[in-house]
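Enquirer: Here it is, the structure in full.
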Amino acid sequence: MLLTLLPFYPLVSFLLLISLKKRLSWSQASVLSVGSMLICAVSSFILFFSLASSEQSVITSHLWQWFSLTAEALPPTSLMAASTVNFAFYLDELSAVMICVVSGVGFLIHLFAAIYMRDDENFNRFMAYMNLFIVAMLILVLADNLVLLYLGWEGVGLCSFLLIGFWYQEKANVLAARKAFIITRIGDTSMAIGLFLLFNSLGSLNIQEIGSLATQQWTIEGEQAYWACLLLLGGAVGKSAQLPLQTWLPDAMAGPTPVSALIHAATMVTAGVYLIARMNALFVLSPEVMTYVAWVGASTLLLAGFAALAQSDIKRILAYSTMSQIGYMMLALGAGAWSAGVFHLMTHAFFKALLFLTAGVIIYALHHQQNIFKMGGLLKKIPFESGLFIIGLICLMAIPGTSGFFSKEAIIGQLWSSPTAGTSLWWCAIFGALLTSIYSCRLFFIAFLGSGCSEVQSGKSLKHSFDNHSDVSQHTLLRSSLVVLALLSLVGGFFTLDFTGVFSTADNGNMSNQVSLAEPLWLHTVAIATPFVGIAFSWFYFKNYRITNDKVNPPEPSSLNAITRFCQSGLGFDWLYSTLIVNPFVFIAQLNRRDIVDQTLMTSAWYVTLWRDVLSFSQNGLLRWYAAAFAFGLVMFIGAWLL
Amino acid sequence: MMISLLMAGLMLSGAFAWYRESKKEDSARGIVLLALIAAAIVFIFHIMNSEHDFSNLIIITQHAWIDIFNIEYALALDNLSIMLLLLTFLLALVALLISWREIRHRKGFYYFNLMATITGIIGVFTAVDMFLFFFFWEVMLLPMTALIAIWGHENRHFAAIKFFIFTQVSSLLMLVALISMAYLHQQQTGRLSFFYPDWLALTLPATTGYYLMLGFFIAFAVKLPSFPVHSWLPDAHTQAPTAGSVLLAGVLLKTGAYGLIRFVITLFPQASIEFSPIAAMLGLVSILYGAKMAFAQTDFKRLVAYSSISHMGFVMLALFSFNHNAYNGAVITLLAHGLSSAALFALAGMIYARVHSRDLADMGGFWRSAPLMGGFTLAFVAAAFGLPSLANFIGEFLSLVGSYQRFPVITIFAALGIIGSAVYGMMLFQSAFQGPVKNTFIDLSIREIIISSSLLTALLVIGLYPNLVLQFSFKGVM
Numbered sequence: 025m026l027l028t029l030l031p032f033y034p035l036v037s038f039l040l041l042i043s044l045k046k047r048l049s050w051s052q053a054s055v056l057s058v059g060s061m062l063i064c065a066v067s068s069f070i071l072f073f074s075l076a077s078s079e080q081s082v083i084t085s086h087l088w089q090w091f092s093l094t095a096e097a098l099p100p101t102s103l104m105a106a107s108t109v110n111f112a113f114y115l116d117e118l119s120a121v122m123i124c125v126v127s128g129v130g131f132l133i134h135l136f137a138a139i140y141m142r143d144d145e146n147f148n149r150f151m152a153y154m155n156l157f158i159v160a161m162l163i164l165v166l167a168d169n170l171v172l173l174y175l176g177w178e179g180v181g182l183c184s185f186l187l188i189g190f191w192y193q194e195k196a197n198v199l200a201a202r203k204a205f206i207i208t209r210i211g212d213t214s215m216a217i218g219l220f221l222l223f224n225s226l227g228s229l230n231i232q233e234i235g236s237l238a239t240q241q242w243t244i245e246g247e248q249a250y251w252a253c254l255l256l257l258g259g260a261v262g263k264s265a266q267l268p269l270q271t272w273l274p275d276a277m278a279g280p281t282p283v284s285a286l287i288h289a290a291t292m293v294t295a296g297v298y299l300i301a302r303m304n305a306l307f308v309l310s311p312e313v314m315t316y317v318a319w320v321g322a323s324t325l326l327l328a329g330f331a332a333l334a335q336s337d338i339k340r341i342l343a344y345s346t347m348s349q350i351g352y353m354m355l356a357l358g359a360g361a362w363s364a365g366v367f368h369l370m371t372h373a374f375f376k377a378l379l380f381l382t383a384g385v386i387i388y389a390l391h392h393q394q395n396i397f398k399m400g401g402l403l404k405k406i407p408f409e410s411g412l413f414i415i416g417l418i419c420l421m422a423i424p425g426t427s428g429f430f431s432k433e434a435i436i437g438q439l440w441s442s443p444t445a446g447t448s449l450w451w452c453a454i455f456g457a458l459l460t461s462i463y464s465c466r467l468f469f470i471a472f473l474g475s476g477c478s479e480v481q482s483g484k485s486l487k488h489s490f491d492n493h494s495d496v497s498q499h500t501l502l503r504s505s506l507v508v509l510a511l512l513s514l515v516g517g518f519f520t521l522d523f524t525g526v527f528s529t530a531d532n533g534n535m536s537n538q539v540s541l542a543e544p545l546w547l548h549t550v551a552i553a554t555p556f557v558g559i560a561f562s563w564f565y566f567k568n569y570r571i572t573n574d575k576v577n578p579p580e581p582s583s584l585n586a587i588t589r590f591c592q593s594g595l596g597f598d599w600l601y602s603t604l605i606v607n608p609f610v611f612i613a614q615l616n617r618r619d620i621v622d623q624t625l626m627t628s629a630w631y632v633t634l635w636r637d638v639l640s641f642s643q644n645g646l647l648r649w650y651a652a653a654f655a656f657g658l659v660m661f662i663g664a665w666l667l
Numbered sequence: 005m006m007i008s009l010l011m012a013g014l015m016l017s018g019a020f021a022w023y024r025e026s027k028k029e030d031s032a033r034g035i036v037l038l039a040l041i042a043a044a045i046v047f048i049f050h051i052m053n054s055e056h057d058f059s060n061l062i063i064i065t066q067h068a069w070i071d072i073f074n075i076e077y078a079l080a081l082d083n084l085s086i087m088l089l090l091l092t093f094l095l096a097l098v099a100l101l102i103s104w105r106e107i108r109h110r111k112g113f114y115y116f117n118l119m120a121t122i123t124g125i126i127g128v129f130t131a132v133d134m135f136l137f138f139f140f141w142e143v144m145l146l147p148m149t150a151l152i153a154i155w156g157h158e159n160r161h162f163a164a165i166k167f168f169i170f171t172q173v174s175s176l177l178m179l180v181a182l183i184s185m186a187y188l189h190q191q192q193t194g195r196l197s198f199f200y201p202d203w204l205a206l207t208l209p210a211t212t213g214y215y216l217m218l219g220f221f222i223a224f225a226v227k228l229p230s231f232p233v234h235s236w237l238p239d240a241h242t243q244a245p246t247a248g249s250v251l252l253a254g255v256l257l258k259t260g261a262y263g264l265i266r267f268v269i270t271l272f273p274q275a276s277i278e279f280s281p282i283a284a285m286l287g288l289v290s291i292l293y294g295a296k297m298a299f300a301q302t303d304f305k306r307l308v309a310y311s312s313i314s315h316m317g318f319v320m321l322a323l324f325s326f327n328h329n330a331y332n333g334a335v336i337t338l339l340a341h342g343l344s345s346a347a348l349f350a351l352a353g354m355i356y357a358r359v360h361s362r363d364l365a366d367m368g369g370f371w372r373s374a375p376l377m378g379g380f381t382l383a384f385v386a387a388a389f390g391l392p393s394l395a396n397f398i399g400e401f402l403s404l405v406g407s408y409q410r411f412p413v414i415t416i417f418a419a420l421g422i423i424g425s426a427v428y429g430m431m432l433f434q435s436a437f438q439g440p441v442k443n444t445f446i447d448l449s450i451r452e453i454i455i456s457s458s459l460l461t462a463l464l465v466i467g468l469y470p471n472l473v474l475q476f477s478f479k480g481v482m
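Each protein sequence line maps, in turn, to chains A and B.
So the mapping is simple: this note's numbering equals the position in the first sequence, first residue as 1, plus 24.
So the mapping is simple: this note's numbering equals the position in the second sequence, first residue as 1, plus 4.
Structural data, given as structure tokens:
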């Protein structure tokens with residue numbers, strides 16, 4: 025019952041907010057939306073613990089039958105004639121962790137957003153979209169079949185579109201929203217084709233049935249498993265902003281900061297990771313695609329790391345960092361380290377939400393200044409927020425003891441000896457960790473150390489900017505949501521997640537293979553030392569950012585060298601895609617705007633008109649014309665007869 | 005008998021409304037509204053209380069009409085036609101409500117034409133004597149042409165003539181095929197017959213069957229419309245008055261699909277299977293070409309018109325896949341597209357009434373002044389690009405799942421239409437409602453809210469609980 029109702033709390037809140045619109049005051053609207061999230065979060069925790077304590081490893085809830093498909097032309101061994109697609113929820117350890125992350129972090133971000141966005145004239149609409157997003161995300165996570173999962177999948181895409189373009193009057197935001205939607209849609213289409221393939225070869229779209237049927241009927245490294253996994257991977261890279269469909273995420277930062285925290289860091293972008301983890305039974309059948317997954321993750325994390333090094337916008341740095349952390353999750357999945365991947369998903373949700381929200385407070389305090397070169401010395405001016413940001417950064421860098429450390433270590437530790445990953449990917453991950461610590465330090469040194477610029481408000485006036493129109497309690501609420509996130513980021517590594525029920529087959533399959541490769545002893549030492557190497561390097565390399573007392577001059581675009589500019593543009597993918605795909609498409613579409621087929625057909629009309637004109641000209645009623653024509657015809661006739 | 009009475013009643017009420025309008029200003033629309041509601045209620049009650057379950061074609065009326073040629077006045081119903089008739093009634097009401105304030109001159113004649121079109125459509129969906137079918141096919145065409153030619157936009161005469169000629173030429177082919185079938189029947193049984201169930205019993209020689217099938221196919225493909233013969237549609241849609249566009253997109257196109265199901269595939273199963281790769285290709289090209297053309301348009305209505313071509317491509321592909329899922333998908337797509345494109349045209353009309361332009365370049369930032377309208381537009385655009393939980397998704401999904409089985413490669417390319425629809429859908433929505441504010445105007449009126457919300461509710465209900473429709477078996481093909 026608890027499970028059935030879970031997505032309906034935010035749904036009710038969404039419907040009320042949308043239908044009552046501005047009739048609700050700020051406090052009513054926030055109590056409604058945040059309250060529904062609170063109920064949601066509490067129910068999720070209850071579900072999580074009841075699942076952990078109870079005998080059964082799965083809770084299901086069947087709402088209604090959506091539609092049924094007839095499976096034709098199946099091998100006669102299969103007895104299912106009709107396969108039903110239900111509105112049904114399926115809760116196991118994996119989805120239980122996910123709903124806790126979604127509704128728990130979601131609740132904290134809603135709380136933050138209710139205060140952060142209170143002055144926006146469309147506050148109610150904003151909260152309504154956020155609630156709708158949670159509904160879709162919960163459906164995505166809880167779906168027991170791939171079609172329902174696809175419903176949630178498209179739903180979160182739509183909400184992401186709406187929220188990126190929330191400030192719809194800016195042209196740039198509108199374009200960013202469109203870009204995000206269309207690029208993820210490309211991935212979605214690949215996933216949809218994957219569903220067609222799965223249904224037509226297995227006769228079911230239920231996730232559990234697919235797993236067991238595929239294990240029975242398909243051979244390892246078979247053709248079908250290969251294509252099915254590859255197509256699902258296509259969906260995952262779209263949603264999770266991985267190579268080659270990663271270009272939408274940095275632009276998606278056009279949305280309000282709570283949106284970036286909730287959708288583009290903590291929850292939606294990890295949906296691709298969730299999908300692959302959910303379909304693990306399928307992916308183990310295709311080690312080749314597993315290797316692709318690992319390589320997609322590795323190349324994305326390196327690409328995003330380089331790109332993050334060259335950014336000057338604080339939100340874009342965090343966006344690229346998100347991309348690279350999801351790259352780690354993908355790498356883990358590709359290596360068969362399912363639990364580690366999902367673990368990193370959880371810890372990343374904590375510390376990245378913290379980083380984004382704190383960045384939001386800082387941006388707010390600096391009058392919507394997002395350029396880190398115009399910041400500086402923030403540590404002294406707003407120590408509290410800076411402290412929180414530092415906590416987020418050390419988790420991101422995976423300094424030992426923090427949650428990021430535990431999860432990242434768990435991933436890196438399994439790479440070396442994994443049959444589908446291997447040593448080269450291990451080195452990629454280590455190098456990625458080095459990049460992570462370098463760009464984190466760069467961000468920290470530029471924005472928080474050094475001397476500030478004149479426009480920075482002091483910490484007190486920051487408080488005032490919230491206190492002006494509200495009482496201190498709201499400021500406390502805002503801060504408390506940040507503090508809770510910070511605590512979670514610090515201790516999140518000690519949560520033990522037990523995924524034996526979900527990944528047992530998958531993990532064991534890998535265990536049996538991993539005998540040959542002996543791990544060298546220095547492996548863990550290197551992994552632990554890497555972030556410190558990065559810090560030490562940055563300490564010297566970014567020296568002038570760190571200690572200079574003068575205002576740091578933001579580099580002019582022209583003064584940057586080619587490599588920096590290349591990195592800043594996200595390694596040129598935007599340019600590549602617009603030259604190769606977008607521009608030719610638009611060009612052809614514009615060329616044929618008048619519809620060539622129509623014009624061809626209309627030439628027949630033109631001929632008819634032409635002949636009408638010729639003939640009607642000949643019927644002009646002038647006697648001398650007729651006489652002349654008659655004489656001319658007679659001459660021709662006689663001439664022809666004579667010759 | 006009941007259907008005949010309904011048709012007569014609607015036709016007479018149209019004539020009466022015309023007459024009343026000449027006596028008293030603005031009386032026609034009320035009469036027509038009452039007549040339509042009454043007809044819909046009578047129809048629904050009749051179906052509910054019928055002893056048949058309509059899973060097969062049930063002949064409900066059969067009278068001799070033109071004895072020399074054995075032409076009969078015969079009507080029949082089955083689940084498919086009932087479903088399409090319900091859609092017709094709903095959209096007729098929507099069309100009427102849209103016309104409520106939009107039509108300002110020659111109102112009486114307008115409502116008469118509207119009713120005549122609806123009567124013709126009802127006839128098309130029920131006639132089982134092929135001559136009668138052809139008769140209704142023409143009845144529905146003429147008043148529609150009048151609607152475009154008299155109450156349309158700036159280029160209405162051209163559009164009306166184009167519409168008329170396209171349909172007329174193609175129905176000529178159908179007429180030839182129809183008469184040949186009747187003679188074929190005479191050859192085989194010694195008796196001329198236009199009666200559909202008689203034709204079902206015929207055994208057709210392969211080559212002849214193929215050509216006759218083509219005759220019907222072309223006629224219905226023009227109406228659907230399918231790729232190379234689609235070009236009447238953008239003009240007709242763009243120039244028609246809003247109610248005309250709603251009826252055109254919502255119901256008239258469906259008569260093409262209905263014809264394909266009822267006549268092409270059912271009468272010529274063998275020839276259709278032979279022909280199916282070509283038809284599937286045509287469907288695929290329609291999907292992609294329609295989507296690409298929609299993207300290039302700057303006219304709101306023209307964009308929606310091209311998107312209709314794209315959506316009807318899915319129907320074509322699904323129907324010629326000869327798969328149960330695909331067939332169900334085609335039926336759902338028919339209903340869903342009827343609702344969603346009708347809704348988008350209705351919204352185009354509402355915007356036109358406010359800013360007097362259909363050009364997307366003149367639009368922008370409408371959300372600020374009309375959030376409600378924006379919300380509805382977004383929902384209908386989302387329906388058009390197949391957002392799950394709205395009806396169109398079920399249709400597209402079932403169609404593609406089914407057609408994948410028979411035409412995997414074509415289906416994979418057809419799935420690219422999912423991207424295409426998102427591209428033009430988002431472009432449409434964003435250029436009208438987002439971006440810098442170019443116009444401000446009042447939001448939807450109560451009447452407009454009723455129109456939009458009833459269509460949205462229907463889309464949501466079918467999208468979330470498609471078994472409402474799918475529980476009926478549509479034995480057109482299987």
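Positions of the beta carbon are idealized from the N, C-alpha and C atoms, including for glycine.
1) Over the uninterrupted beta strand (DSSP E) stretch that includes Tyr-174(A), give me the two end residues.
2) Suppose you measure from the CA of Leu-237(A) to the CA of Ser-228(A); what does that come to, to the nearest Å?
3) Is there a C-beta anywhere in chain A that falls below 8 Å from the one on Trp-371(B)?
4) Among Ala-204(A), Ile-436(A), Ser-593(A), which residue has its Cα nearest to the Cα of Met-354(A)?
5) Since Phe-299(B) meets chain A, which of its residues come closer than 7 Å, beta carbon to beta carbon?
6) Check the C-beta distance from Phe-69(A) over to Val-159(A) and give it rounded, since I have them as a contact under 8 Å.
7) Does the beta carbon of Pro-470(B) sit closer than 8 Å to a beta carbon anywhere in chain A?
8) Beta-carbon separation of Arg-503(A) and Ala-426(B) under 8 Å?
9) In whole angstroms, give me the CA-to-CA distance for Thr-207(B) and Tyr-187(B).
10) Would Leu-219(A) pass as a contact of Tyr-174(A) if the rule is Cβ separation under 8 Å?
11) Check the Cβ of Val-427(B) against every Cβ in chain A and list those closer than 7 Å, keeping chain order.
12) Find the residues of chain D that neighbour Phe-150(A), judging by a C-beta separation of less than 7 Å, and give them in chain order.
13) When we look at the beta-carbon of Ile-662(A) and count the other beta-carbons within 10 Å, is it buried (16 or more) or exposed?
14) Just to check my reading of the structure: Gly-296(A) and Ser-264(A) have Cβ atoms closer than 8 Å, yes? What is that Cβ distance to the nearest angstrom?
15) Looking at the C-beta of Pro-281(B), does it have a partner C-beta in chain A at a distance below 8 Å?
16) Please tell me whether Gly-490(B) and Ala-120(B) are closer than 8 Å, where the distance is taken between their beta carbons.
17) Ser-505(A) to Phe-136(A), Cα distance in whole Å?
18) Buried or exposed for Val-155(A), please, with buried defined as at least 16 other CB atoms from any protein chain shown within 10 angstroms of its CB.
19) Measuring only the C-alpha atoms, how far is Phe-384(B) from Leu-464(B)?
20) Could you give the uninterrupted runs of the alpha helix (DSSP H) lying entirely in the stretch 38-92 of chain A, keeping only those of 4 residues or more?
21) Do Ile-125(B) and Leu-14(B) have their CB atoms nearer than 8 Å?
22) Tell me, please, whether the CB atom of Gly-594(A) is closer than 8 Å to any CB atom in chain B?
Expert: In short:
1) Run containing Tyr-174(A): none in the beta strand (DSSP E); it sits in the alpha helix (DSSP H), 170-188.
2) The alpha-carbon atoms of Leu-237(A) and Ser-228(A) are separated by roughly 9 Å.
3) Chain A contact via Cβ: present.
4) Check the Cα spacing between Met-354(A) and each of Ala-204(A), Ile-436(A), Ser-593(A): the tightest is with Ile-436(A).
5) What Phe-299(B) touches in chain A: Ala-613.
6) By a beta-carbon distance limit of 8 Å, Phe-69(A) does not contact Val-159(A). Their separation comes to about 19 Å.
7) Closer than 8 Å: yes.
8) Contact flag unset, no.
9) In this structure, the alpha-carbon of Thr-207(B) lies about 13 Å from that of Tyr-187(B).
10) Yes.
11) Within chain A, the C-beta atoms nearer than 7 Å to that of Val-427(B) come from Ile-206, in chain order.
12) Absent here is chain D; the protein component of the structure consists of chains A and B.
13) By the 10 Å Cβ count, Ile-662(A) comes out exposed.
14) About 3 Å separates the beta carbon of Gly-296(A) from that of Ser-264(A), a gap short enough to meet the 8 Å contact definition.
15) Chain A places no beta carbon closer than 8 Å to that of Pro-281(B), leaving this residue out of the contacts.
16) The requested residue 490(B) is not part of the displayed model; chain B covers only 5 to 482.
17) Distance between Ser-505(A) and Phe-136(A), taken at the CA atoms: about 6 Å.
18) Rather than Val, the amino acid found at residue 155(A) in this sequence is Asn. It counts as buried.
19) Going from the Cα of Phe-384(B) to the Cα of Leu-464(B) covers about 10 Å.
20) Secondary structure within the stretch 38-92 of chain A: the alpha helix (DSSP H) runs of 4 or more consecutive residues, fully enclosed, are 50-77 (chain order).
21) The criterion of a C-beta distance shorter than 8 Å is not satisfied by Ile-125(B) and Leu-14(B).
22) No, its Cβ sits nowhere closer than 8 Å to a Cβ of chain B.
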